[in-house]
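This report refers to the structure that appears directly beneath it.
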Amino acid sequence: MKKLFHSLIIASISTSISFADPLTEAPPKELTWKTYDAVSRHASQGSQETLYFKVDWKNNVLAAQREAYQEDKPIVMILFFGDHRSNC
Amino acid sequence: MLNSDCVSLASSDVTYKNLSDTLKAKGEYQFLKKSLSKGKHGIHQGVYIVTPSGKLIKQISWGWPLPDVDKINAQLKQSITDYKMMSRAERLGDVLLTEEDRSMPVEPILSPPTTWLQLRNTTRSYRFSEMNLFDIRHPAFVTVDKLWFSGQEKLQFVPSNTAKGTLEKVAPKALNTMLLNSHLITGRSAWWAEHIQKAEMEMKVVSSTSKQVIIYYRGTFNMHADSKWCKESYAGKLLGKAAWNPSRKQFTSFEWISLGEHEIDKLKPNMHRGNTKSVTVASKLVLDPQHQCEQGIAPANWPDNYARELRAEVK
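Chains Y and A, in that order, are what the protein sequence lines are.
First residue of the first sequence? That's 20 in the working numbering, and the numbers climb one at a time after it.
First residue of the second sequence? That's 7 in the working numbering, and the numbers climb one at a time after it.
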């Protein structure tokens, strides 16, 4: 479901995906103060991965319908099983 | 597009389906049921574009497991165009839901005491052979979580003597919440305390003034589980640095970085692909910047895996 969530955001704001280093980057042999920053960057979200911060998400149908009705807009409804913080 | 042309909703279909019959009889659930009655599976996980009147415009086909961004984009744009072509009555209908229609109880916004150490956690694997976008360990995905330590617990990460050069060990138990709640790996695993074979961390004061103490951390962890629910191991190292304000008794900056090998002995068909059991994982824990869309979101394992006395402190 994370893939879906992420790709929908990207699709709505951007027309191309740029998977940079994380997909090809090899891990350092060990974590040292010299490799610290590189490992930190790898574990961080890239700019494309934080686009969802910009969306004003509603978490229930009632709130979404009320705003959509008042603003005359369609509702993009993402229904997921589980929790975005976990495996589903 | 999601902000300017639509109202965006992210919610759980399962939670709606598990509501009581009394709550399902209310307007909110009935609106959802009506909106998705022409969907492939009714109220079911997926992405839908619906009108405020409760008409399904489109069930988005987005590609599984490889998301087709162009296709999603095109479907979203077409759905918005279709919406604008409808009559006002078709778009809006004549029902504006009110509080009396509420089916889904309002989720409490959790607010831990300001004295707590609130961390935001991101984790990403490195490339591995046979990596596939179906697999939750794929480096295209970042696991996001929160990790909370109470006002008392966080003091375990501050040396009792804050003079420059002081080297102290962190009590291994202080690291349990981080290790048992899978903050150093992608996904969630059913770790128990007995699975922690080694949890060592030392902290060193590298500079110290009355206003700020700079602390460096170095940790080593080994975990191994062979239970019915978890056949995994983790071996990793952690480095970190933090700034502690002794008068306010608060961290003003905090960053822990880890790098380790996570091995899953029994891969799961709904989460993994291929035969690669061991992947290298990087993890990051920083002071929670409190992003607007993450306000009120608790750690994934809250409250179950947090001590009762901590749960009592959170309103």
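Think of the CB as a built atom: it goes at the ideal place given N, C-alpha and C, for glycine as much as any other residue.
8 Å CB neighbourhood of residue i in its chain, flanking five on each side removed
i	result
A:Ala231	Ser195, Ala196, Trp197, Trp198, His201, Lys237, Glu238 and Ser239
A:Ser169	As written in the sequence, residue 169 of chain A is Ala, which differs from the Ser given in the question. Result list for A:Ala169: Val211 and Ser214, in chain order.
Y:Leu50	Val58
A:Leu253	What sits at residue 253 of chain A in the sequence shown is Ser, not Leu. Excluding residues within five positions, the ones whose Cβ falls inside 8 Å are Ser216 and Lys217.
A:Val148	Thr128, Thr129 and Arg130
A:Lys64	Tyr54, Ile55, Gln81, Gln84, Ser85 and Asp88
Y:Asp40	Arg60 and His61
Y:Pro47	Thr54, Ala57 and Val58
A:Tyr132	Pro145, Val285, Thr286, Val287 and Ala288
Same chain, Cβ closer than 6 Å to residue i, neighbours up to 5 away in sequence not counted
i	result
A:Lys272	Lys237
A:Phe155	Leu123
A:Val320	Leu116 and Pro118
A:Lys283	Glu269 and Ile270
A:Asn311	Asn187
Y:Ile94	Ala83 and Ala87
A:Phe134	Thr282 and Val285
Residue interval of the beta strand (DSSP E) (run including residue i)
i	result
A:Asn79	From DSSP, A:Asn79 is part of no beta strand (DSSP E) but of the alpha helix (DSSP H) over Val75 to Met91.
A:Lys64	Leu62 to Gln65
A:Tyr54	Gly52 to Val56
A:Val212	Ile202 to Ser214
Other residues of its chain near residue i: CB distance less than 7 Å, five sequence neighbours each side excluded
i	result
Y:Lys22	Residue placement at Y:Lys22 cannot be trusted, given a pLDDT of 43 that sits under 50; the coordinates are not used to answer.
A:Leu29	Tyr35 and Ser109
A:Ala313	none
A:Leu38	Tyr22 and Ile49
A:Asn251	Lys217, Gln218 and Thr258
Y:Ile28	Any reading at Y:Ile28 must be qualified, since the residue scores a pLDDT of 47, below 50, and its modelled position is unreliable; no value is offered.
First through last residue of the alpha helix (DSSP H) which encompasses residue i
i	result
A:Leu98	Arg94 to Leu98
A:Gly33	Gly33 to Ser41
Y:Tyr88	Val80 to Glu90
A:Ala318	Arg314 to Glu319
A:Leu29	Asp27 to Lys30
Y:Val95	Per DSSP, Y:Val95 belongs to no alpha helix (DSSP H); it is in the beta strand (DSSP E), Ile94 to Phe99.
A:Val20	Asp19 to Lys23
Cβ-Cβ distance between residue i and residue j below 8 Å
i	j	result
A:Val164	A:Ile221	yes
Y:Glu44	Y:His61	yes
A:Ser264	A:Leu244	yes
A:Thr226	A:Lys204	yes
A:Ala180	A:Glu208	no
A:Met277	A:Gly193	yes
A:Ala146	Y:Leu42	yes
Y:Asn78	A:Ser67	no
Proximity test, residue i beta-carbon vs the ligand NAP heavy atom, cut-off 7 Å
i	result
A:Arg108	The ligand NAP is absent from the structure shown, which contains no ligand whatsoever.
In chain order, each beta strand (DSSP E) run of at least 3 residues that lies wholly inside the region 112 to 184 of chain A: 123 to 131, 149 to 155 and 173 to 175
contact_flag[the region 96 to 103 of chain A, the region 69 to 88 of chain A] where n(CB pairs < 8 Å) is 3 or more: no
Continuous beta strand (DSSP E) assignments of at least 3 residues falling wholly in the region 224 to 288 of chain A: 237 to 251 and 256 to 270
Inter-stretch contact at 8 Å, needing at least 3 Cβ pairs: the region 290 to 299 of chain A / the region 58 to 75 of chain Y: Touching, yes, given that three or more Cβ pairs across the two stretches are closer than 8 Å.
Three CB pairs or more closer than 8 Å across the region 139 to 153 of chain A and the region 86 to 94 of chain A: no
Segments of 4+ residues assigned as alpha helix (DSSP H) that fall wholly inside the region 37 to 71 of chain Y: If you keep only unbroken alpha helix (DSSP H) runs of at least 4 residues inside the region 37 to 71 of chain Y, you get 40 to 43 and 55 to 62.
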